[in-house]
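These notes are about the structure you will find just below.
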Amino acid sequence: WKEYEMEVVRDCKDNAIIICAIENVDPMGVHTGDSITVAPAQTLTDKEYQIMRDASIAVLREIGVETGGSNVQFALNPADGRMTVIEMNPRVSRSSALASKATGFPIAKVAALLAVGYTLDELTNEITGVTPASFEPTLDYVVTKIPRFAFEKFPGSESVLSTSMKSVGEAMAIGRNFAESFQKALRSLETGLDGFSSPGIKNLGQGDDRNILMAALAIPTPERILAVAEALRFGLSVDEIHQVSKIDPWFLEQFEQIIHAEQLLVEGGFPANPDDLQTIKSLGFSDARIANLCNLTEEEVRRRRQGCDIRPAFRRIDTCAAEFPAATPYMYSSYETSGHFADACEAAPSTSRKIVILGGGPNRIGQGIEFDYCCCHAAMALSADGFETIMINCNPETVSTDYDTSDRLYFDPLTFEDVLEIIEREQSKGDVVGVIVQFGGQTPLKLAEGLEDAGIPILGTSPDMIDLAEDRERFKDMLERINLRQPQNGIARSRLEAITIANEIGYPLVIRPSYVLGGRAMEIVRDEDHLNRYVDEAVVVSGSSPV
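Each residue of the sequence shown is one higher than the one before, counting from 1271 in our numbering.
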């Protein structure tokens, strides 16, 4: 069975509109908060959508939701078309926040006004400034939400997904097609993915690969979507994967398209024809992913791409599929029609003095809304001081991604490539005074050095001072230089070094990498076996990432 959600808003005069239809990529049995979801729904026929729409409004009337927003969830049997209402939330929910960010329609704000007696036709759509709120939002783009998990924080916990929600946050991405949106969402998660990377399935490559992949596809886990990619690389058909995973064939065909493009890059190298590179980028491939597949550096891919004048075009979320101009600069990037100055680019940067604020990305244990609170107050303070504020973030659960928190909002991944393209577009007009990286937690700090190297001013603490505080080796040397006491410690760049230093210090000991927050990849190690397990499972110890 497939699962869908309808976000419905109703007023006191019985006017009701559908804000958004959301489709779960995972089949029934996985909590919607743990499922990859897509808006608008991709695999519904028009007839099924209309039936679901009418049923949603009928449910609100029957339950007695006089005003406000509600969420109605459906199960659909693809074999015979049978449709069943499985849940209804007579309030705003997590899905309401996602639908608000996906469409630009502020469900909670409108619900509050409806509660005090306004009707939908009396309220103005703030995005367009001319249409009433009774117009149902129309999407000419695809939104993908992927949940973020933290099973590594709970050793021994089972990573199997069920009807009980286990995710701690989520990332959202917007693209002109599903593949672009999906790959942008993957790299927005900040789990080390630069696209549809290999999942590292245990025992794969040791003989019985087909059965190992089938087992990985059958069980819903956070890595199952990566196992789908691995199965397609292995040569399993869309039908075989569908039979085991029950993921709709339409989505599997989209994933197959991505894997096919990957294979072209692996076999043919970096595209010689700019049109071919344009096509690859329009499927959501990052420069880092292309570099990985073509054995190049990310910098080399960026240089070649920009040499072909292939840049993202920025489009606005306007709730009406460009029927009316958008008064609110709420934007996302796309390579479907490329170029900062292409006709399709709707960024229209101003000539004001601007400051860019980098958000914190998806919520996780140790980095949550407390950082978003800082980003929002930074935007308010800078606006009051006369600067135009530009927010970059990819978390639909935050206030910083409300379209009216900052002067300009870019809903894009917090990667070096995406952030640099936005800043360079904004620099084409006006004066970008600098970028603030200190308010988004660990996420923006990792970008600080690269942005400075690219000539972007970093406001506040310099990237070198950030590195001095974050890099354990530099921090250790500084403490020794100024004669401050510190616990006995050492830096290891290999397993052998780690074992040697651990024996010198003595067990138990605390082991951790640099540039982490909230205890991520930190562990109390009690013996050599435990140390070996840590090196195998928690981090990749190397010259560039010591512990």
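Note that beta-carbon positions come from the ideal geometry of N, C-alpha and C, so glycine has one too.
Checklist entry - What first and last residue would you give for the beta strand (DSSP E) that runs through Lys1415? => result Val1412 to Arg1418
Item to check | Identified DSSP bridge partners for Thr1307 | outcome: Asn1294 and Lys1415
Checklist entry - Closest by CA to Val1514, which one among Ala1485, Lys1371 and Ala1739? => result Ala1485
Checklist entry - For Ala1455 versus Ile1416, is the C-beta distance shorter than 8 Å? => result Yes, they are a contact pair.
Next on the checklist: Classify Val1430: buried if its beta carbon has 16 or more other beta carbons within 10 angstroms, exposed otherwise.
Outcome noted: exposed
Item to check | Residues bridged to Val1342 [DSSP beta-bridge criterion] | outcome: Met1276 and Met1358
Checklist entry - Should Met1442 and Pro1666 be called a contact, given that it needs their Cβ atoms to be closer than 8 Å? => result yes
Item to check | Limits of the unbroken alpha helix (DSSP H) element including Met1435 | outcome: No alpha helix (DSSP H) holds Met1435; DSSP gives it neither H nor E.
Checklist entry - Between the C-alpha atoms of Glu1460 and Lys1283, what's the straight-line distance to the nearest angstrom? => result Taken atom to atom, the span from the alpha-carbon of Glu1460 to that of Lys1283 is near 45 Å.
Checklist entry - Are the region 1330 to 1340 and the region 1352 to 1367 touching by the rule of at least three beta carbon pairs closer than 8 Å? => result Result yes; three or more Cβ-Cβ pairs closer than 8 Å.
Next on the checklist: In whole angstroms, give me the CA-to-CA distance for Glu1687 and Gly1720.
Outcome noted: 10 Å
Item to check | For Ile1528 and Ala1449, the rounded distance between their alpha carbons | outcome: CA-to-CA, the gap between Ala1449 and Ile1528 works out to about 7 Å.
Next on the checklist: Taking a contact to mean a Cβ-Cβ separation below 8 Å, would you say Arg1782 touches Arg1634 in this structure?
Outcome noted: No. Outside cutoff.
Item to check | Contact belief for Val1355 with Val1329 at Cβ below 8 Å, rounded distance in angstroms | outcome: 6 Å
Next on the checklist: Using 8 Å for Cβ pairs, my map puts Tyr1680 next to Thr1598. What's the rounded Cβ distance?
Outcome noted: Contact between Tyr1680 and Thr1598 is absent: CB atoms are separated by about 13 Å, not below the 8 Å threshold.
Item to check | Beta-carbon proximity of Gln1637 to Gln1712, cut-off 8 Å | outcome: yes
Next on the checklist: Taking the alpha-carbon of Tyr1785 as reference, which of Ala1382, Arg1744, Pro1544 and Trp1520 has the nearest alpha-carbon?
Outcome noted: Arg1744
Next on the checklist: Which residue wins for smallest C-alpha separation from Gly1760, given the options Glu1593, Pro1816, Asn1347 and Ile1489?
Outcome noted: The shortest C-alpha separation from Gly1760 is found at Pro1816.
Item to check | Arg1503 versus Ile1693: straight-line alpha-carbon distance, rounded | outcome: 36 Å
Item to check | Proximal residues to Ile1333 (C-beta, below 6 Å), its chain only, five neighbours per side dropped | outcome: Pro1360
Next on the checklist: For the pair the region 1647 to 1663 and the region 1423 to 1437, tell me if three or more CB-CB distances fall below 8 Å.
Outcome noted: no
Next on the checklist: Measuring CB atoms only, is the region 1493 to 1508 touching the region 1309 to 1317, in the sense that at least three cross pairs come out at less than 8 Å?
Outcome noted: no
Next on the checklist: Check for me: the beta strand (DSSP E) holding Asn1663 runs from which residue to which?
Outcome noted: That run of the beta strand (DSSP E) goes Glu1658 to Asn1663.
Checklist entry - Where does Gly1538 sit, in a helix, a strand or coil, going by DSSP? => result helix
Item to check | Residue range of the unbroken alpha helix (DSSP H) whose run includes Ala1403 | outcome: No alpha helix (DSSP H) contains Ala1403, which DSSP labels as neither H nor E.
Checklist entry - How is the alpha helix (DSSP H) around Lys1379 delimited, first residue to last? => result Ile1377 to Ala1385
Checklist entry - Nearest CA to the CA of Pro1619: which residue from Phe1641, Arg1585, Pro1632 and Asp1642? => result Arg1585
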